[in-house]
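Per this note's numbering, the sequence shown starts with residue 770, numbered consecutively.
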Amino acid sequence: MEFDAVVLAGGGSTRFGGVDKALLVLDGISLLDRVLTATIGATSTVVVGPARQTYRTVDWTLEDPPSGGPVAGIAAGVAKGAAPVIVVVSCDLPWITKDDVTRLVEGLDEHDGFGLLDTDGREQRLAAAYRRTALADALRMIGNPRDQSVRRLFAGLDLAWSEPTRAGDDVDTWSDFDD
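See the structure below:
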């Protein structure tokens, strides 16, 4: 099934002291490039955040106005592409692979979305595949996406989840990065 990728890479990285988390390097590859490698099968890929050098060509966009949070970033990214499925991933998922992204898309079945659980069993809404129509409807329902809750955006959707997996572990602090 065709899918577009929306990669969120515009956060302030406050828990990293303002260091650009997308450009942190793990095993010689930036976190952003690791996610871009995992989403290589996308029909189109848009990164929401300031343009940076990446190993492959992608489209870039910003939420308007900037710094509106992840829901505003999702709204900006969904405006790009046309595939029936959108894989939304944050740039801080260094262990996600192309196979994981394939499982997300294939796991949709009849659901509105299918996402990863991290190793602690937490739902990772920013590591999931969504039906474009369901995501667009959820964005319309929420209204102005600026500073809206990710949990609120997806509250009305029928979501299913993977078994807990390291692919769903994000890097929010230096200790996560060092694990």
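Beta carbons are placed, not taken as given, at the ideal position from N, Cα and C, and that holds for glycine.
Residue i - partner residues in DSSP beta bridges
i      : result
Gly882 : Tyr899, Leu928
Residues of its chain near residue i, where Cβ-Cβ distance is below 6 Å and the 5 sequence neighbours each way are ignored
i      : result
Ala936 : Trp864, Ile865, Asp869, Leu885
Val874 : Met770, Phe772, Val854, Ala898
Arg915 : Gly837, Ala841
Within 7 Å, strictly: CB atoms of residue i and residue j
i      : j      : result
Thr888 : Pro853 : no
Gly818 : Ala845 : no
Val776 : Val804 : yes
Arg900 : Asp881 : yes
Ser918 : Leu895 : no
Thr830 : Val815 : yes
Straight-line Cα distance separating residue j from residue i
i      : j      : result
Ala924 : Glu832 : 22 Å
Lys790 : Asp927 : 31 Å
Ser931 : Ala820 : 31 Å
Residue i, buried or exposed, once every other Cβ within 10 Å from all chains shown has been counted against 16
i      : result
Ala898 : buried
Thr902 : exposed
Ala848 : exposed
Thr823 : buried
Ala807 : buried
Val788 : exposed
Ala851 : exposed
Proximal residues to residue i (C-beta, below 7 Å), its chain only, five neighbours per side dropped
i      : result
Leu904 : Val847, Ile855
Asp802 : Thr823, Tyr824
Beta-carbon proximity list for residue i, same chain, < 8 Å, skipping 5 on both sides
i       : result
Gly1023 : As displayed, the chain neither begins before 770 nor continues past 948, which places residue 1023 out of reach and without an answer.
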